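Peer 1: Residue numbers (this note's numbering): 51 to 225.
The structure follows.
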Amino acid sequence: MKNIFFVMIFSFLLFGPVFQAAAQNNSEASSTTLDTTGFPQWVRDLRRWDIIAFGAFPFAMFTVTFFHDLYRWNNANGMAFNDEGFRYAPWPLKSAGFVEMTKEEYERTIWMAVSLSATIAIVDFVIVKIKHNRERRRIESIPSGSVNINKRPYPIQEEEDEAASTDIEDESGFE
Numbered sequence: 051m052k053n054i055f056f057v058m059i060f061s062f063l064l065f066g067p068v069f070q071a072a073a074q075n076n077s078e079a080s081s082t083t084l085d086t087t088g089f090p091q092w093v094r095d096l097r098r099w100d101i102i103a104f105g106a107f108p109f110a111m112f113t114v115t116f117f118h119d120l121y122r123w124n125n126a127n128g129m130a131f132n133d134e135g136f137r138y139a140p141w142p143l144k145s146a147g148f149v150e151m152t153k154e155e156y157e158r159t160i161w162m163a164v165s166l167s168a169t170i171a172i173v174d175f176v177i178v179k180i181k182h183n184r185e186r187r188r189i190e191s192i193p194s195g196s197v198n199i200n201k202r203p204y205p206i207q208e209e210e211d212e213a214a215s216t217d218i219e220d221e222s223g224f225e
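Here is the structure:
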């Protein structure tokens with residue numbers, strides 16, 4: 051068994067540079083960037099929802115598992131802090147002989163985590179839509195037409211400039 055492990059490690063180290071060279075792109079393809087302006091807004095919104103839902107899933111799974119274990123611990127023995135009580139405790143407090151979840155509990159935990167991550171993505175979608183609508187209404191409320199702004203330089207006062215420059219020279223000791 052050890053020999054197979056060492057052969058696998060050696061082959062990955064030996065062929066690693068070959069795989070890396072095959073994965074590199076040419077300079078033309080790597081210099082292009084993805085322009086999403088051609089996609090409709092609903093596609094971009096769906097992609098954002100997808101990214102947030104999948105990104106939130108691990109955190110949702112951890113949270114749901116932790117609270118489900120707390121629920122099991124409370125139902126089993128009222129969250130007792132003895133050797134028997136720690137068999138149902140959540141992850142940081144689990145003992146060596148902890149009681150595993152049943153298949154139904156695992157399925158319920160996964161569905162709850164999926165639901166929580168989808169809810170987080172939906173809440174983000176609603177918040178972004180509210181911000182977009184608020185910005186659109188602000189832009190639409192600006193009166194139409196062009197605004198003329200006339201900028202003029204301050205009038206030049208040559209006498210004051212000459213007096214200020216002689217005062218500075220006198221104070222510095224240079225003439």
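Glycine included, every Cβ here is placed at the ideal spot set by N, Cα and C.
Bear in mind the structure is a predicted one, so any value in this text is a computation, not a measurement.
Taking 8 Å as the cut-off, decide whether the C-beta atoms of G147 and R137 are in contact.
Peer 2: Reading the sequence shown from its first residue, position 97 is the one you call residue 147. Reading the sequence shown from its first residue, position 87 is the one you call residue 137. Cβ atoms of G147 and R137: closer than 8 Å.
Peer 1: Roughly how far, in whole angstroms, is the beta-carbon of S165 from the beta-carbon of A103, given that I think they are within contact range, below 8 Å?
Peer 2: As a working mapping, residue 165 is identified with position 115 in the sequence shown. As a working mapping, residue 103 is identified with position 53 in the sequence shown. Not really, about 10 Å apart at Cβ, beyond 8 Å.
Peer 1: By the three-class DSSP mapping on this structure, what secondary structure does A146 have?
Peer 2: The sequence position of residue 146 within the sequence shown is 96, counting from 1. DSSP places A146 in coil when its eight states are reduced to three.
Peer 1: P108 lies in the alpha helix (DSSP H); which residues open and close that run?
Peer 2: As a first step, residue 108 is located in the sequence shown; it is residue number 58 there, counting from the start. Looking at the DSSP string, the run of the alpha helix (DSSP H) that includes P108 is Q91 to N127.
Peer 1: On the three-pair Cβ rule with 8 Å, is the segment 144-163 touching the segment 101-119?
Peer 2: Yes: the two stretches touch, three or more of their Cβ pairs being nearer than 8 Å.
Peer 1: Look at P142 and D119 and say whether their C-beta atoms are less than 8 Å apart.
Peer 2: Within the sequence shown, numbered from 1, the residue matching residue 142 stands at position 92. Within the sequence shown, numbered from 1, the residue matching residue 119 stands at position 69. No, Cβ-Cβ distance for P142 and D119 is not below 8 Å.
Peer 1: According to the Cβ coordinates, are A106 and I170 closer than 8 Å?
Peer 2: Start at 1 with the first residue of the sequence shown, and residue 106 comes out as number 56. Start at 1 with the first residue of the sequence shown, and residue 170 comes out as number 120. Cβ distance < 8 Å, so A106 and I170 count as in contact.
Peer 1: Could you pull out every residue in the same chain whose Cβ sits closer than 8 Å to the Cβ of R158, ignoring the five residues on either side in sequence?
Peer 2: Counting from one through the sequence shown, the residue named residue 158 turns up at place 108. For R158, where only same-chain residues beyond five positions count, the Cβ hits under 8 Å are H118.
Peer 1: Would you mind working out which of W99, N132, P193 and G195 sits nearest I172, comparing C-alpha positions?
Peer 2: The sequence position of residue 172 within the sequence shown is 122, counting from 1. If we check each option's Cα against that of I172, W99 comes out closest.
Peer 1: Which residue marks the beginning of the alpha helix (DSSP H) containing A139, and which one marks its end?
Peer 2: The residue labelled residue 139 in the question sits at position 89 within the sequence shown. Premise fails: A139 is in no alpha helix (DSSP H) and is neither H nor E.
Peer 1: Within the present structure, is the beta-carbon of S194 separated from the nearest heavy atom of the ligand FAD by less than 7 Å?
Peer 2: The ligand FAD is absent from the structure shown, which contains no ligand whatsoever.
Peer 1: Please classify T115 as buried or exposed, where buried requires at least 16 other C-beta atoms within 10 Å of its C-beta.
Peer 2: Taking the sequence shown and counting its residues from 1, the one referred to as residue 115 is at position 65. Looking at its Cβ environment, which holds 16 or more other Cβ atoms inside 10 Å, T115 is buried.
Peer 1: Using a 10 Å radius around the Cβ and a threshold of 16 neighbouring Cβ atoms, would you call W92 buried or exposed?
Peer 2: Along the sequence shown, read from residue 1 onward, the residue named residue 92 stands at position 42. That one is exposed.
Peer 1: Could you check the C-alpha separation between T152 and N125 for me, to the nearest Å?
Peer 2: Numbered from its first residue, the sequence shown carries residue 152 at position 102. Numbered from its first residue, the sequence shown carries residue 125 at position 75. Answer to the nearest angstrom: the Cα atoms are 15 Å apart.
Peer 1: Shortest alpha-carbon distance to R15 belongs to which of P193, H182, E155 and N53?
Peer 2: As shown, the chain starts at 51 and ends at 225. That puts residue 15 outside it, with no answer to give.
Peer 1: Kindly list the residues whose CB is nearer than 8 Å to the CB of I199, restricted to its own chain and excluding five residues on each side of it in sequence; keep chain order.
Peer 2: Taking the sequence shown and counting its residues from 1, the one referred to as residue 199 is at position 149. Counting only Cβ-Cβ distances below 8 Å, and skipping sequence neighbours, we find nothing.
Peer 1: Between which residues of its own chain and T87 is the CB-CB distance below 7 Å, once the five residues before and five after are set aside?
Peer 2: As a first step, residue 87 is located in the sequence shown; it is residue number 37 there, counting from the start. Nothing listed; no residue qualifies.
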